[in-house]
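K.L.:
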Amino acid sequence: MGLSEHEQRLLDEMERNLYKHEADIVTASSGPRTVDYTKVAVGVLGIAIGLVLIVVGVSMKLAVLGVLGFGIAVAGALWALSASKPATGDDVAPGARPSEGPASAKQGPNLMDRLAQEWDDRNQRG
Numbered sequence: 001m002g003l004s005e006h007e008q009r010l011l012d013e014m015e016r017n018l019y020k021h022e023a024d025i026v027t028a029s030s031g032p033r034t035v036d037y038t039k040v041a042v043g044v045l046g047i048a049i050g051l052v053l054i055v056v057g058v059s060m061k062l063a064v065l066g067v068l069g070f071g072i073a074v075a076g077a078l079w080a081l082s083a084s085k086p087a088t089g090d091d092v093a094p095g096a097r098p099s100e101g102p103a104s105a106k107q108g109p110n111l112m113d114r115l116a117q118e119w120d121d122r123n124q125r126g
C-alpha cells in the first residue's frame, strides 16, 4: 500500500530535518580532542580503590563498606571519562589535522548527503 501525497511530503520533511540535525550533532562532536592523563590516572586509581573496598566489604559482610566502594568506583569512572575535551587552537599538535568545519563541507557531499541522494534515487526508480 503506497503513501498518499500528503504522507509522502511529511515523510520527506521529517527526513530532511533528521539529516540536518544529525549533521549538526556530528559536526559539533568531531575534531581533535585533548586528554588530561592525570585525570585518567586518578580515575583509574579511584576505580581500583573502589573495587578493593567492595571485595573487602563483601568478605567482612559490611554492606556500608561495599556501597562506599561502589560509590568510589563510579566516581572514579566518571572522573576518568571526563578527561577528554575538545582541543583549542593552542592544544592541537603541529602535525594534527584541522577540525572538520564548514569549510571542509564545501569539498564534496558528506555521508548523510550521499545517503539521502541514494535514497531519493532509489525511490524515483521504484
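Residue numbers (UniProt numbering): 1 to 126. Where a beta carbon is used, it is the ideal one built from N, C-alpha and C, also for glycine. Because the structure is a prediction, the values reported are computed rather than measured.
With the cut-off set at 7 Å, would you say G50 and G76 are in Cβ contact?
P.N.:
On the sequence shown, position 50 is the one that residue 50 refers to. On the sequence shown, position 76 is the one that residue 76 refers to. Contact: yes.
K.L.:
To test your reading of the DSSP string, which unbroken alpha helix (DSSP H) runs of 4 or more residues are found completely within the region 6–70?
P.N.:
You should have 37–59.
K.L.:
Inspect the beta-carbon positions of A73 and D36 and report whether they are closer than 7 Å.
P.N.:
For this step, residue 73 is matched to residue 73 along the sequence shown. For this step, residue 36 is matched to residue 36 along the sequence shown. Not closer than 7 Å, so no.
K.L.:
Between A80 and V44, is the Cβ-Cβ spacing less than 7 Å?
P.N.:
Sequence index remark: in the sequence shown, residue 80 carries index 80 (1-based). Sequence index remark: in the sequence shown, residue 44 carries index 44 (1-based). Cβ distance < 7 Å, so A80 and V44 count as in contact.
K.L.:
Tell me where the alpha helix (DSSP H) around N123 begins and ends.
P.N.:
In the sequence shown, residue 123 corresponds to position 123, counting from 1. N123 -> alpha helix (DSSP H) spans L111 to R125.
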